[in-house]
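Chemist:
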Amino acid sequence: MDQTDAAPSDANNSTSKEPPSKKRKTKDGKKKLESLMDEASDRSKDLKHGQPAILTGGELRRYQLVGMNWIVSLYENGVNGILADEMGLGKTIQTISSLAHLYEMGVKGPFLVCAPLSTISNWLNEFQRFTPSMKAIMYHGTKDERSELRSQHFPKIKSQQISTIITSFEIAMRDKKFLKQFKYRFLVVDEAHRLKNFDCRLTRELKQYHSDNRLLLTGTPLQNNLTELWSLLNFLLPDVFDDLESFKKWFDFASSSTPKPKSTTRGRKRKSATTTTTATTASDASDFIKDEKDKLVNKLHSILRPFLLRRLKTDVELNLPNKKEYLIFTPLVDFQSQYYKMILSKDFNAIFEDNKIKPKTSQLLNVLMQLRKVCNHPFLINEFETNLELTNQATDEQAELTPQQQQEENERFKKQVVERSSKFQLLIKMLDRLKKSGHKVLIFSLMTRMLDVLEDYLVLTKYKYCRLDGSVAQQDRQESIKNFNADPDLFIFLLSTRAGGLGINLTAADTVIIYDSDWNPQIDLQAMDRCHRIGQTRPVRVFRLLTYDTVEKKILETANKKLQLERLIIQQGNFKGLTGTKQDDGKKMSITAQNLLDILRTGASDKKHEHGISDENLYKLLSDRGTHDLEDGPGWELVRPHVEGFHVE
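Next comes the structure, spelled out in structure tokens:
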């Protein structure tokens, strides 16, 4: 950034210990930022461009036209930006329509789309569906396949016969020598929260790509702290947001005046007067902190306004069916309970014997993982794996069984796998009722081993299902998604939460079951929105399964607290001077040993859920498709959505 704009006297007269060059850098950044904010104050409402003629196959909604115009205005003004619409609002089609408009205006490319592996096929399909006249290619595959693609398409890219290259993050790093030789008119990064770590390899590599403009797409902006926000802004505008420490100083309220105690008496004070004064002072301090937090949020919103467009589903007229989420509780069966207590008494106590002063986080995480496995199903514990292998030895042993013997063996396994887990029992009851009612179901689990157990059971029950996890090849993944949406007999889609939560449209389903919850609440929200998005015609129900009086509810409470803080964009006191305590600015707030100890020592306390949900109430919950909310009851809770604290238009 040019540092000569600042007046020399600013540095010479400064009494700060900050070096003069640093002082000028901070002032220059503020000056350029203020200029950009003035220029782009209400671009988001400009609708001077209509739908491109070459965009066929559908009509853009008004808010999508607003998004297209906003992206085009970024290009026209030479400004980079973040399209941060809530998941399910069509960030992909808004991006494609923007590139189509530029294409019609003579900007033929090349455009580069970098995305997670799970979404690149969908990007290609959407380009081919909506803009068939814009030639797009997917640059992916084995080393030999990519070599063939380079030989075949390199001349066409140079001659602008190919407008768009779609590739994964991994290939963008691996084949940067080839991909970096082009100057792109637009570099689009999908699921851009992957760039929140400014020092990660992906961020460093993509910064080296030459492009006129950069566009970041993410439905979950600002997940953790101020440093992650700066990392995204630094990627977009490195000349403005070029120094992290300077950026933090813009939000340093440590020097702000604090509320002074109000004296209500003169001379000797009685005890009651002192108490009143103390209470008044505490109230004033609380009001002051709230005001300062509000100022910080408003300041952040002002800074982001030129570069970020975010709309929620509640902001636009989608006419989407409603979505409701319920927590459903079930107590551990005796077998699980005994194993759960054994892990706590054996492994947990052993940690404190080996570490008299402070246990290691890794040790506590291991205990916690074992407890979570027991809550899901004891078969996930290593010593029970042989039970599952009995069914996976599908040929040699069972090939010699008579049909009757094989049926008996299958029934024995089904009985055992159901009896050993209360959560599994609950799931089977739900599936039976949902199948009879004609619903299609997405089941998410963090553990692929849990998906194995579920799959073994589904094979024996003859339920038709699909499965997707990180090991599924790209072509098979797309085929499964297509089949599930098209085939009414496909009842269940098993998905690993991390692999199946991004870039997938499964609107054929209207029911989501979260078998186990993620530490990061955004991951579960992404999973839910696989079916609650444009194209959904039925009300969506989300059922999150929880075992009573275990670590699961505490983990969910921890995640929800994080979600509330994220939505306020104020994470764990990361804005200095507001709480009176110094935080580790710039580092992701991760789980601590003390957090884990609190979780391990504390189970659920609400006795009304002690016996779990009754069959009668479960069936009532599953059959309710009305618009009214069922009240909380023994064994279940309706999840009330948090108030959104971050909204920029």
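Residue numbers (the UniProt record's numbering): 1 to 649. All residues carry an ideal CB built from backbone N, CA and C; glycine is no exception.
(1) Give every residue of the same chain whose Cβ lies closer than 7 angstroms to the Cβ of GLY88, excluding the five residues on either side of it in the sequence, and list them in chain order.
(2) Can the beta-carbon of GLY57 be found less than 7 angstroms from the beta-carbon of PHE130?
(3) Quick one: grab the DSSP three-state call for TYR463.
(4) Please say whether VAL66 and CYS114 have beta carbons closer to each other than 7 angstroms?
(5) When DSSP labels each residue in this structure, what does TYR63 get in the three-state scheme?
(6) Can you name, in chain order, every residue of its own chain whose Cβ lies under 6 angstroms from the Cβ of THR448, other than the five neighbours on each side?
(7) Quick one: what does DSSP say MET430 is sitting in, helix, strand or coil?
(8) If you follow the beta strand (DSSP E) that TYR184 is part of, which residue opens it and which one closes it?
(9) On the CB-based measure, 16 or more other CB atoms within 10 Å of its CB, does LEU365 come out buried or exposed?
(10) If you measure between the beta carbons of LEU546 and PHE329, is that distance less than 7 angstroms?
(11) Please say whether PHE241 and LEU229 have beta carbons closer to each other than 7 angstroms?
(12) What is the DSSP secondary structure of VAL418, counted as helix, strand or coil?
(13) Could you tell me which residues DSSP puts in a beta bridge with SER496?
(14) Excluding sequence positions up to five away, which residues of its chain have a Cβ less than 8 angstroms from the Cβ of SER163?
(15) Which residues in the same chain have their Cβ closer than 7 angstroms to the Cβ of HIS153, if we skip the five residues on either side of it in sequence?
(16) With distance defined between alpha-carbon atoms, name the residue in LYS553, PHE491, GLY633 nearest to TRP519.
(17) Applying the 10 Å Cβ sphere with the 16-neighbour rule, what's the burial state of HIS210?
(18) LEU217 and GLY81 look like a contact to me (Cβ under 8 angstroms); what is the Cβ gap, rounded to whole Å?
(19) So is VAL459 buried or exposed if we call it buried at 16+ other beta carbons inside 10 Å?
(20) From what residue to what residue does the beta strand (DSSP E) around residue 650 run?
(21) Rounded to whole angstroms, what's the CA-CA distance from ASP144 to LYS435? Just pull it up for me.
(22) What does the alpha-carbon distance come out to for the pair TYR548 and TYR326?
(23) Give every residue of the same chain whose Cβ lies closer than 6 angstroms to the Cβ of ASP516, excluding the five residues on either side of it in the sequence, and list them in chain order.
(24) According to DSSP, simplified to helix, strand and coil, what is THR330?
(25) Grab me the residues of ALA499's own chain with a C-beta within less than 6 angstroms of its C-beta, minus the 5 sequence neighbours each way, in chain order.
(26) According to DSSP, is THR227 part of a helix, a strand, or is it coil?
(27) List the residues that DSSP assigns as beta-bridge partners of LEU112.
(28) Given a cut-off of 7 angstroms on the beta-carbon distance, is the pair GLN522 and THR220 in contact?
(29) Three Cβ pairs or more, each shorter than 8 angstroms: is that satisfied between the region 330 to 349 and the region 419 to 432?
(30) Can you give me the C-alpha to C-alpha distance between ASN122 and PRO403, rounded to a whole angstrom?
(31) Please state the DSSP three-state secondary structure of residue 651.
(32) Look up SER489 in the DSSP assignment and say whether it is helix, strand or coil.
(33) Tell me the residue span of the beta strand (DSSP E) that contains PHE543.
(34) For LYS207, which residues from the same chain have a beta carbon less than 8 angstroms from its beta carbon, with the 5 sequence-adjacent residues on both sides left out?
(35) Which whole-angstrom value describes the C-beta separation of THR167 and ILE96, a residue pair presumed to lie in contact below a C-beta threshold of 8 angstroms?
(36) State the Cα-Cα distance for the pair MET430 and LEU556, rounded to the nearest angstrom.
Modeler: Reading it off the structure:
(1) LYS313, ASP529, HIS532, ARG533, ILE534
(2) yes
(3) coil
(4) no
(5) helix
(6) ASP469, SER496
(7) helix
(8) 184 to 189
(9) exposed
(10) yes
(11) no
(12) helix
(13) SER445
(14) LEU99, TYR103, LYS108, GLY109, PRO110, PHE111, MET134, LYS135, ALA136
(15) ILE137, ILE162
(16) LYS553
(17) exposed
(18) Rounded, the Cβ-Cβ distance is 10 angstroms, inconsistent with contact.
(19) exposed
(20) The structure shown does not extend to residue 650, since the chain is modelled only from 1 through 649, so no value can be given for it.
(21) 45 angstroms
(22) 15 angstroms
(23) ASN376, SER445, LEU446
(24) strand
(25) ASP469, GLY470
(26) helix
(27) ILE165, LEU187
(28) yes
(29) yes
(30) 44 angstroms
(31) Because the chain in this structure spans residues 1 to 649, residue 651 falls outside the shown range and cannot be described.
(32) According to the sequence displayed, residue 489 carries Asp and not Ser. DSSP places ASP489 in coil when its eight states are reduced to three.
(33) 540 to 547
(34) PHE235, PRO238
(35) Wrong, their Cβ atoms sit about 16 angstroms apart, outside the cutoff.
(36) 22 angstroms
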